[in-house]
Structures are given as C-alpha cells and as structure tokens.
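Numbering (the numbering used here), first residue to last: 2 to 278.
Cβ atoms here follow ideal geometry from the backbone N, Cα and C, with glycine treated the same way.
The structure presented is a predicted model; accordingly, all values stated were derived computationally and were not measured.
Let me begin by presenting the structure, written as structure tokens, before commenting on it.
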C-alpha cells in the first residue's frame, strides 16, 4: 500500500511538472512581448537579450498618443463582431440541416464545405480581390466582413454539426407532437440546448477574425486597417520599432485576453459538449 501511494504521488508530481512546463512554454511568448514593450530602444536590440533593465512606459505612451490605434481597434471590433454574428446566423441553420436531415448528396455537400478549408488562403484571396474590385467592396467594412464570414463559415458549420448530432432526436419529436413546426423546434428547443457549443464556436470565430492578417491587408488596404495590419505598420523599411511594436501588440492583445477570461467557462463547456455520454 505504501509503495502504491508513493508511486501515485510521484505520478501526480510528474503530471504537474509536465502541465506547468507546457503552461510556461505557451505563456513565454506573452512574457517576451510584455518584456520587450518595457525596454528602451537600446535594450530591445541588445545581443544577447537583456532580462535585467530599467523598465519604461514610453513605448505605451507613444502608442496611446497615436490616434490611429483607436481606429484599428474599432475596425477590428466591428468586423470581428459582425463576422461572428452573421457567420452564426448562416452557419447554425446549415449545420442543423446537415445534422438532422438526410437527402441526396448530403454527405458530398458536407465534404465540399469542409474542402474550402483545404485551399491555401493566398489561392482564395485572388478570386476575392477580383470579385470585390468589380463590386466596389475593396477598402470597406462590408467587404472584410463578407470575407471573414467566408473564411470561418466552414469551421462554424462543421463544429455545430457535431453539436447538433449529439442532441437526442426525442426532444424534437416531442415538440412536433405538441404542434411545433420544424423552425419552431429548432429555435425553441435545439438552439437553447446547443448554446454552450454556439458560444464556443462564436469565440473561436471572433478570435479568427480578430487575428486575420492576409485578407485584411489586401482587401482592406489603408482605408480599413485592422489590428494586425496596424501593428505591421511599425515594421519599417530601414528598421523595426520593437518597443512600439510590442507595446501596440500588448495593448491590442488585452481585449482578447479579457474576452477569453470572461467566457472561458462557456468555451471549455462548449468544446467538451458531447465528449461524455
């Protein structure tokens, strides 16, 4: 018994060491980012890197005094929230149909939706650019919202499809017996039960849209600059302003971290929905 207890305690310690090591590995880039944002220009480019230095808030002051920063954040919020809302509005009914109804070619349609994720983003960017140019959507919020919906729609449909498949059909059949139609049962029975999954997919969609760079840079241009594109402006031809770049990235990372901390329970619950029967 003593040997078993000792072996168990060693196993617990080993698991904790592994988890703490993995957490340190994941959090180290954030530490490095914050560390770099507090350095003077000389310390930022020092080789080897300095870990003991006199911190300064000058980089944050200069970034916050830049009127463009608020514009970057507002553009990202408008585009990310709109892409998330309309993506769920379109993707949730589509996922429900693929999960519940059987029709000719349903498996092929589901595969075609997933196949859109196989294509490299640069290959999809060219058709988007040509279409948006002809429609006059280049450099507009509406154009980037449509592009981000197209990027994330396959993920929304496939993840929600799995959530809807895990819900028992008896609930819908009971609603049908009570006189509810297909849309009513979906709206009043299925959607409330799938809210954890919808919240998780919404968070992932928001983060994907917030961090998207390539489409935002090409389709938005200088007229609608999002957070990633705005941060890229600190990378010049002759030099990189490491302090301001890190300070801007830290400031624009803060809303996302707050968002995740507020909804981490919904995210974890949604991603594990259906894992245990």
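Report yes if the CB atom of residue 188 is closer than 7 Å to the CB atom of residue 99, and no otherwise. Here residue 188 is taken as the residue at index 187 of the chain shown, counted from 1. Here residue 99 is taken as the residue at index 98 of the chain shown, counted from 1. Contact flag unset, no.
Quick one: measure Cβ to Cβ for residue 260 and residue 200, integer angstroms, because I've assumed they're closer than 8 Å. In the chain shown, counting from the first residue as 1, residue 260 sits at position 259. In the chain shown, counting from the first residue as 1, residue 200 sits at position 199. Not really, about 12 Å apart at Cβ, beyond 8 Å.
Can you have a look at residue 129 and say buried or exposed, based on whether 16 or more other CB atoms are within 10 angstroms of its CB? Residue numbering aside, residue 129 sits at position 128 when the chain shown is read from its first letter. Residue 129 should be labelled buried.
Which word fits residue 160, buried or exposed, when buried means at least 16 other C-beta atoms lie within 10 angstroms of its C-beta? Residue 160 sits at position 159 when you count from the first residue of the chain shown. Counting Cβ neighbours within 10 Å, residue 160 comes out buried, since at least 16 surround it.
State yes or no: is the C-beta of residue 243 within less than 7 Å of the C-beta of residue 37? Taking the first residue of the chain shown as 1, we reach residue 243 at position 242. Taking the first residue of the chain shown as 1, we reach residue 37 at position 36. Going by C-beta atoms, residue 243 is nearer than 7 Å to residue 37.
Report the residue from 253, 232, 250 and 191 whose alpha carbon sits nearest the alpha carbon of residue 96. Translated into positions along the chain shown, residue 96 becomes position 95. The shortest C-alpha separation from residue 96 is found at 191.
Within 10 angstroms of its Cβ, does residue 227 collect 16 or more other Cβ (buried), or is it exposed? As a working mapping, residue 227 is identified with position 226 in the chain shown. Label assigned to residue 227: buried.
So the alpha helix (DSSP H) residue 53 belongs to, where does it begin and stop? The sequence position of residue 53 within the chain shown is 52, counting from 1. Looking at the DSSP string, residue 53 is not in any alpha helix (DSSP H), and its letter there is neither H nor E.
Does DSSP put residue 13 in a helix, in a strand, or in coil? Translated into positions along the chain shown, residue 13 becomes position 12. Of the three classes helix, strand and coil, the one that applies to residue 13 here is helix, per DSSP.
Which residues in the same chain as residue 176 place their Cβ atom closer than 6 Å to its Cβ, once the five residues preceding and following it in sequence are excluded? Counting from one through the chain shown, the residue named residue 176 turns up at place 175. Close CB contacts of residue 176 within its chain, under the 6 Å cut and outside five residues either way in sequence, are with 186 and 190 (chain order).
Cα separation between residue 121 and residue 88? Here residue 121 is taken as the residue at index 120 of the chain shown, counted from 1. Here residue 88 is taken as the residue at index 87 of the chain shown, counted from 1. Cα to Cα, the separation comes out at about 20 Å.
Does the beta carbon of residue 144 come closer than 7 Å to any beta carbon on chain D? No chain D appears in this structure, which consists of one protein chain only.
6 Å CB neighbourhood of residue 138 in its chain, flanking five on each side removed: The count along the chain shown starts at 1 and reaches residue 138 at position 137. These residues qualify, in order along the chain: 144.
Could you tell me which uninterrupted beta strand (DSSP E) segments, each at least 3 residues in length, are contained entirely in the stretch 84-159, listed from first to last along the chain? none
How far does the alpha helix (DSSP H) with residue 223 in it extend, from its first residue to its last? Within the chain shown, residue 223 is the residue found at index 222, counting from 1. Segment: none, residue 223 is in no alpha helix (DSSP H) and carries neither H nor E.
In angstroms with no decimal places, state the Cα-to-Cα distance between residue 79 and residue 29. Position 78 of the chain shown, counting from 1, holds the residue named residue 79. Position 28 of the chain shown, counting from 1, holds the residue named residue 29. Taking the straight line joining both Cα atoms gives about 30 Å.
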